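Protein chains in written order, with the numbering used here: chain A, 100 to 669; chain B, 1122 to 1432.
Just so it is clear, CB atoms sit at the ideal spot from N, CA and C, and this is done for glycine as well.
Small disclaimer: the values here were computed from a predicted structure and weren't measured.
Here's the structure, in C-alpha cells; my notes come after.
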Amino acid sequence: MSMLLEIDGLNIAFPTRRGTVHAAKSVSLTVKAGEVLGLVGESGAGKSTIGNAIINLLEAPGRITAGSIRFMGEELRDLDVDQMRSVRGKRIGMIFQDPQTSLNPLMTIGAQLVETIEKATTLRGRDADDHAVALLEQVGITEAVARLRAYPHQFSGGMRQRVVIALALAGDPDLIIADEPTTALDVSIQAQILDLIKSLCSERNLGVIIVTHDIGVIANIADRVAVMYRGEIVETGDVAQVLGAPQHVYTQSLIAAVPRADIKLDRFTSVDYIEGTTASFRRVDIQNHWLGKSQQRYHTGSAIEVDQLNLSFVLQKAVFKRNRRMLQAVNNVNFSVQQGETFGLVGESGSGKSTVARLIAGLYKPDSGHINIFGKDINQDRKASNSHAARQALQMIFQDPYSSLNSRMRVLDIVAEPIRFYRLTEGEQETRTIVTDLLEHVGLGAAAALKYPHEFSGGQRQRISIARALASRPRILICDEPTSALDVSVQATILNLLKDLQQELGLTMLFISHDLPVIRQMCDRVAIMRHGEICEVAKVDTFFDTPQHDYSKHLLDLMPSMNLLSDPIG
Amino acid sequence: MDHVDDKPMTRWQRFKDNDIVWSFLSSPGAMIAAAVASVMILACIFAPVIAPFDPFDPAQISLWDGKLPPAWVDGGQSKYLLGTDNQGRDMISTILYGGRLSILVGLAAVCLGMVLGVFLGVIAGYLGGVTDAVIMRLADVQLTIPGILLAILINGIGRAALPYELRDEFAIYVVILAIGLTDWPQFARVARGATLVETNKEYVQAARILGLPSWLIMLRHIVPNTLRPILVIATIGLALAIIAEATLSFLGQGIPPTTPSLGTLIRVGNEYLFSGLWWITLFPAVALIVLVFSVNLLGDWLRDALNPKLR
C-alpha cells in the first residue's frame, strides 16, 4: 500500500535565549491510508510539535532544520504559504485538544461549518448548507438541521468536539491530525469520540495521527504506535506488539507506570529510566523523628464523618427567589472515613467530589449537614473550627502543581510556614533542620530549600506541596486529584511516595480522582459520586469486581481497556 | 528520582536570569529612557553638589544679574549658562533644585496613592461582598471627578485648615496629600483585579486550610503577587504625579515661589514670556517634558515586559 504521509529524518529546533532546544531529532514516521497511528509520549517529548510541523503551524521561533515531510508524494516543505493553506483544511484536517477554544463562540455552528466548506470545496449556498447537515449527521449529531443555528455554548463538551471533527472533515481530507482529542473530556465521552474517529477512519479510508499522552487511548484506537521520548522516536510498531512486548527500555517503564485496574499492587513499578539518574537520598527514620511525634489525641471512631451534607451554588443572582438559578453541588452526602484508611472519592467532572473535599477542608460552609472530624463538628462553633489543633490535623494537596505554591516565596519559607505559624519548634534552627529533613524525605535534596518554585518541574512541585502539607504534622490528608496534571511516570513516583508516607505516619487519606485505576491502587474503600450524590460506597476490590449501582457498572465499562497489555515486566 | 543536587542560584545569577532584566537589555528604547530618566533624577537629587549656585542663598543672588539671557545670546554671561530668572537666580541651579522638589513630590504622592490603593484594593478583592461594593463604588465616584479638580479642592481645603504662618512651610505636604489622594482609585482597581485572580489559586486555599488569619494571607501571599501590575501603574503614575504637581504649581495652588518647583518656574516665566524672556519658561518646561516622557516610556516598556501576552 502506498504511503499517505512519509516523514523522514525530521529535525525541529527552537532557538531560545538559553540555548537551542531540539524538539525533534531525526524523526521518521509513515502513515498509510485507513490507518490510525498513535504518537505517544510524555509532556515535552515533542509529539505535538511534529503534528504542528506537518501543517506548518510551528510556533515561533521553532523551525524545521532538516528532513522531509512528503504528503501523497508531495514535499510539504517546498510549498509556499498559499499552497500550504490549501493543503491545510482541505487535504489535512486538524482536531485540537480543547473544544472550548477551537470554535468561535460568536458564530453559529452552521456559519462556521459553511464557511469552512466554502473555503475548502466548490460547494456554495444551499449545497454547502446541505453538506454541513450531512457532516453533522456523520459525526453523530441528531436534529442536524436545527442544530446548525445553535451557538457553541449550547453544546456540551463532547458535542462540541464532534463539531470540531465535522469541521476537520469539511474539506474531505485524506489525513487527520488529532492532538489530544479527548484529554479535555470525561471518560464516557472519550469512548464515544474515539469510536467516532475510528469508524470515520475506516469508512473514509483516512489516515489518522492521534497525538496523546494516554496509553489507554492508544490501546483502544491505534493500529500502529510510535513512542516518543525527548524528541526522538524510540520505538515504532504494531500496537499489540509495542504495548504487549515493548522492546525499548523507555516503553517498558512507561507501560509499567500505567496504573492497573485489574489487580491491586503494593507499589507502582518504579520507572527510573524516565526520571533520569537515581540519586540516592537520605530517608529519615520518621517514626522517631519530630514528624512522627504528632500530639496524639486519642479518639476512637471515624476520622471523618459526613452526615446529610448539602451545598448549592447560585448560578444566577436575582432579587426574587424563584428567579435564582441554583446548582445543587452536594446533595445529601453521607460517608465516614476510618482512621488510617484511604478513602476514594470518584466521579466525572461536575460530580461534586472536589466540592466535598473543600467542605471538609473548611473552605466552604455547607447549607446543611454536619462534618465531624475526630468527633468534633467543624462548623458547629467557629472557635472549634478555627482552633489550631483542628486546622493542624487536616491538610490538603491540590491538583495544579503550578498554582499551589506561592511563586514569590522560597521553598524553605513555603514548607516552614505551618511550623513557624504554629510555633511547633523551639527555634529557627530546628525549623530549618526539620524542613531539610522533610525535603529529603519527599525525595528532593536539601539544596531545594533555597530555590524558588519556578525552578522545579511539575512532579517536584507536587513533592514540595506534600512537604508543606506534612509540616503541620497532620493526621488527615486530603488529596484532590494530586497526580492528574502529571505525566504517568511522575504519577507513579508521587503515588508511591504518598503510600509510603501514609504507612509511616498512619495518615487518614481522602483521595479524590476521576481515574479508576489510580483509585484501585491507592484506596481501601471508595465512594462513587454523580451529580452531587453518592451512588455507591464499597470496598475497592468489591467495587471493581462486583459493582452494584448502574452508574458504577457504566463507569467501569468505559475505562480504557488495557487488554492488549500483557503482564509488564514480571 | 526528583532529587535536586545542583546549587541554588546566587542573587546575582537570579537577577541576570530574570526575564524582565533580559527584556530590558534587549530593548534600546527602554534603555535610553532609563538612562535619561536616571541622569535627570540623579542630577536633581545631587543638586546641592552639582548646581553652580544655591538659589536659596540670598548672598549668591544679585538682582543686578536678573533677567540675563542664556550665555550664547547677546548680553548673556558665561557664568549663567542658561541665563537667569527675574530675581537673578541661575536657571540651571533653579531647574535642578526645582526638579528635586517635583520629583520628591511625585514620588511621595505615588507612594501615598499606592499604599492606600493597594491596601483598599486587596481588602476589597479578598473579602468581597459589601466591603468590596463600598470601597469600589467610592473609587468609581472619585473617578467621575477630574483628578486635577479634586487635587485643587483637597489642596484648597488643606491650606485653609492650616494656620496662616504655617501655610508656606507645609505647602509641600498638602500638595503630596492632594495628589496622593486623587491617585488611589487606579491602584485600588488594579490591586483588586489581581487579588481576585490570586485568591482563587490553590496556594491561597492552602494557606486558608492552614488556618492563617486573613490579614496574614493578604500580606504574605497576595500582596507580593499583585506587585507586578502595581509597579507598572506606579511608574506611569509617577509621570502623572509630576505633571499634576506642575499643573497645581502653575495655577498658583501648589509650591510657593520662594521654594520653586518646575511648575512654579514655568508660571513665573509665563509672566515674562511676552517681554521676550523666553528662557525662564522654556528651560524648565523642556526639563519637565523630557523627565515625564522618559518615565512614561519606561512605564510603557514595563507594562509590555510584564504582560506575557504581548511578548
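Against chain A, with Cβ distances strictly below 9 Å, would residue i count as a contact?
i         : result
B/Val1134 : Correcting the residue identity first, residue 1134 of chain B is Gln in this sequence and not Val. Output row for B/Gln1134: interface = no.
B/Tyr1324 : yes
B/Arg1341 : yes
B/Met1257 : no
Hey, could you find the ends of the alpha helix (DSSP H) residue i is sitting in?
i         : result
A/Ala355  : 348-356
A/Met171  : Per DSSP, A/Met171 belongs to no alpha helix (DSSP H) and is neither H nor E.
A/Asn430  : Unbroken run through A/Asn430 is the beta strand (DSSP E), 424-436; no alpha helix (DSSP H).
B/Leu1331 : 1323-1331
A/Asp278  : It is not in any alpha helix (DSSP H) - A/Asp278 instead sits in the beta strand (DSSP E) that spans 274-278.
A/Phe642  : 639-644
A/Val541  : Careful: A/Val541 lies outside any alpha helix (DSSP H) and carries neither H nor E.
A/Asp579  : Note, A/Asp579: premise wrong, no alpha helix (DSSP H); beta strand (DSSP E) at 575-579.
A/Gln601  : 587-604
A/Lys146  : 146-153
B/Thr1316 : 1288-1320
What residue from the options has the CA that sits closest to residue i's CA?
i         : options                                    : result
A/Lys124  : A/Arg223, A/Ala356, A/Arg248, A/Asp107     : A/Asp107
A/Phe113  : A/Leu128, A/Leu493, A/Ile149               : A/Ile149
A/Gly631  : A/Lys297, A/Ala456, A/Val333               : A/Ala456
B/Gly1150 : B/Leu1419, B/Leu1427, B/Gly1187, B/Tyr1201 : B/Leu1419
A/Ser450  : A/Thr645, A/Val432, A/Tyr463, A/Arg116     : A/Val432
A/Ser583  : A/Phe643, A/Ala515, A/Val445               : A/Val445
B/Ile1338 : B/Pro1350, B/Val1325, B/Ala1299            : B/Val1325
A/Val262  : A/Thr282, A/Arg303, A/Gly209               : A/Gly209
Give a yes or no on whether 9 Å exceeds the smallest Cβ distance from residue i to chain B.
i        : result
A/Ala144 : no
A/Pro517 : yes
A/Arg490 : yes
A/Asn478 : no
A/Leu448 : Reading the sequence as shown, one finds Ser at residue 448 of chain A and not Leu. So, not an interface residue.
A/Glu105 : no
A/Asn505 : yes
A/Arg184 : no
A/Leu462 : yes
A/Leu493 : yes
A/Ser298 : no
A/Gln498 : yes
A/Ala568 : yes
A/Ser571 : yes
A/Ala402 : no
A/Arg116 : yes
A/Phe520 : yes
A/Met608 : no
A/Ile611 : no
Would you give the residue range spanned by the beta strand (DSSP E) that residue i belongs to?
i        : result
A/Ile216 : Careful: A/Ile216 lies outside any beta strand (DSSP E), inside the alpha helix (DSSP H) at 208-219.
A/Pro114 : 102-115
A/Thr524 : Segment: none, A/Thr524 is in no beta strand (DSSP E) and carries neither H nor E.
A/Phe442 : 441-445
A/Gln291 : No beta strand (DSSP E) holds A/Gln291; the alpha helix (DSSP H) holding it covers 286-303.
A/Thr281 : Neither: A/Thr281 is in no beta strand (DSSP E) and is coded neither H nor E.
Taking the Cβ atom as the reference point for each residue, do residue i and residue j lie within a distance shorter than 9 Å?
i         : j         : result
A/Gly673  : A/Gln407  : Residue 673 of chain A lies beyond the range of chain A shown here (100 to 669); nothing can be said about it.
B/Ala1192 : B/Leu1203 : yes
A/Gly558  : A/Met327  : no
A/His648  : A/Ser287  : no
A/Ser588  : A/Leu353  : yes
A/Leu543  : A/Leu576  : no
A/Ala265  : A/Leu235  : yes
A/Ala566  : A/Glu516  : no
A/Ala321  : A/Val135  : yes
A/Ala233  : A/Val213  : no
Chain A contacts from the stretch 1326-1338 of chain B (Cβ-Cβ distance under 7 Å): Taking 7 Å as the cut-off between beta carbons, the residues of the stretch 1326-1338 of chain B near chain A are Gln1326, Ala1327, Arg1329, Ile1330, Leu1331, Gly1332, Leu1333, in sequence order.
Using a Cβ-Cβ cut-off of less than 7 Å, list which residues of the stretch 1135-1166 of chain B approach chain A; keep chain order. Cβ contacts with chain A come from Trp1143.
Give me the subset of the stretch 1344-1356 of chain B whose CB atoms are less than 7 Å from a CB atom of chain A, sorted by chain position. Of all residues in the stretch 1344-1356 of chain B, only Pro1345, Asn1346 come within less than 7 Å of chain A when Cβ atoms are compared, listed by chain position.
Looking at chain B, which residues of the stretch 186-211 of chain A have a Cβ within less than 7 Å of any of its Cβ atoms? Within the stretch 186-211 of chain A, no residue places its CB atom closer than 7 Å to a CB of chain B.
When Cβ atoms are compared, which residues of the stretch 120-147 of chain A fall closer than 7 Å to chain B? So the list is empty, because no residue satisfies the distance condition.
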